[in-house]
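J.:
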Amino acid sequence: MREHLQFYIDGQWVEPVELRTLDVENPATESVCGRIAIGSAADVDIAVKAARRAFNSWSETKPADRLEIMQNILAEYETRTGDLASALTEEMGAPSYLANGFQVGLGAGHLQTAIEVLKNFQFEEQRGATLVVKEPIGVCGLITPWNWPLNQIAVKVFPALATGCTMILKPSEIAPFTGQIFAEIMHAAGVPAGVFNLVQGDGPGVGVALSSHPDIDMVSFTGSTRAGVEIARNAAPTVKRVTQELGGKSPSIVL
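Here it is as structure tokens:
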């Protein structure tokens with residue numbers, strides 16, 4: 266049985282401010298397959314402070330330096346595909362062929378796409394007499410769902426990383442194992458301390474703390490419409506950038 270009772274903050278695994286735990290069930294067998302620590306607003310505050318400190322230097326790195334880190338992540342990711350697939354099978358009851366053959370591969374694909382985009386992305390562009398400079402937003406709170414856990418982590422973390430943002434990730438508390446392994450991958454790849462942070466927890470605790478924290482600049486959330494409304498409300502007083510995918514199935518953008 267898996268047991269993850271620490272959070273990844275400021276480049277190291279740390280104990281929660283106050284230990285509270287949650288059993289994780291395998292929906293395919295309806296049996297308990299693990300246990301995680303549930304974070305609080307105090308844990309989020311520690312992670313946000315680490316991300317804010319790291320932003321000062323990470324946002325100033327050259328794209329080539331961020332590209333090197335992301336290539337390191339890809340190399341490390343490819344050594345952990347079996348672990349990721351096993352975690353997916355347990356936390357969301359995915360058949361092994363689907364976890365191995367589809368979900369893990371898509372996570373790598375999103376990283377490869379981010380790498381290719383970063384190679385040619387123009388952060389400065391001259392438009393006539395005007396110089397347009399594209400800058401990282403800042404500290405991002407990333408909240409992902411249970412039903413596509415690794416994919417949603419990938420599509421939120423890798424673009425934020427590529428553009429020079431720092432982040433705090435809250436995976437779904439009912440599908441948390443891939444998030445833990447993902448943090449191990451980021452650490453092994455040499456992502457600087459504080460750039461990526463992981464705090465496990467539920468919506469009323471960690472989710473609310475992320476969406477309302479005054480030092481978080483952007484929140485990206487995928488999940489229910491009900492929770493999305495609450496997140497938008499919490500983010501409004503500090504005018505955060507908020508992006509949400511709510512209550513739908515396979516949305517499309519029609520141009």
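Here my numbering = 1-based position in the sequence shown + 265.
Where is the CB? At the ideal position from N, CA and C, for every residue including glycine.
Note that this is a predicted model, so its numbers are computed, not measured.
#1: Let me know the secondary structure DSSP gives ASP482 once reduced to three states.
#2: Among ALA319, LEU284, CYS298, ALA293, which has the Cα closest to the Cα of SER305?
#3: What is the DSSP secondary structure of ILE518, counted as helix, strand or coil?
#4: I'd like the list of long-range same chain contacts for GLY358, defined as Cβ closer than 7 Å, with 5 residues on each side in sequence excluded.
#5: What would DSSP say about CYS402, mapped onto helix, strand or coil?
#6: Hey, out of GLU400, ARG300, GLY276, ALA394, whose CA is closest to GLU325's CA?
#7: DSSP puts ASP288 in a beta bridge; with which residues?
#8: Does DSSP put MET335 in a helix, in a strand, or in coil?
#9: According to DSSP, is TRP278 helix, strand or coil?
#10: Indicate whether TYR273 and LEU463 have their beta-carbon atoms separated by less than 8 Å.
#11: GLU341 bridges to which residues according to DSSP?
#12: In whole angstroms, what separates the C-alpha of ASP310 from that of GLY403?
#13: ALA458 and ALA319: beta carbons closer than 8 Å?
#14: Please go through the same chain and pick out, in chain order, the residues whose beta-carbon is closer than 6 Å to the beta-carbon of THR508, but skip the five residues on each side of it.
#15: Measuring alpha carbon to alpha carbon, tell me which of MET451, VAL473, ASP482 ends up nearest ASN337.
#16: I'd like to know whether the C-beta atoms of PRO424 and THR487 end up nearer to each other than 8 Å.
#17: Curious, which full-length beta strand (DSSP E) runs of at least 3 residues does the stretch 401-472 contain?
#18: Where do the N-terminal and C-terminal ends of the alpha helix (DSSP H) with ARG390 fall, by residue?
#19: When the Cα atoms are used, what is the spatial distance from VAL313 to LYS327?
#20: Under a Cβ-count criterion, where at least 16 other Cβ atoms within 10 Å of its own Cβ denotes burial, should GLN445 be classed as buried or exposed?
T.: If we stick to the structure as given:
#1: coil
#2: LEU284
#3: coil
#4: ASN291, PRO292, ALA293
#5: Here residue 402 turns out to be Ile, not Cys, going by the sequence shown. Residue state, collapsed to three classes: coil.
#6: GLU400
#7: ARG300
#8: helix
#9: strand
#10: yes
#11: DSSP, once it has assigned bridges, lists no residue as partnering GLU341.
#12: 16 Å
#13: yes
#14: SER485
#15: MET451
#16: no
#17: 404-408, 431-435, 461-463
#18: Note on residue identity: the sequence assigns Glu, not Arg, to residue 390. Where GLU390 is concerned, there is no enclosing alpha helix (DSSP H), although the beta strand (DSSP E) it sits in stretches over 389-392.
#19: 23 Å
#20: buried
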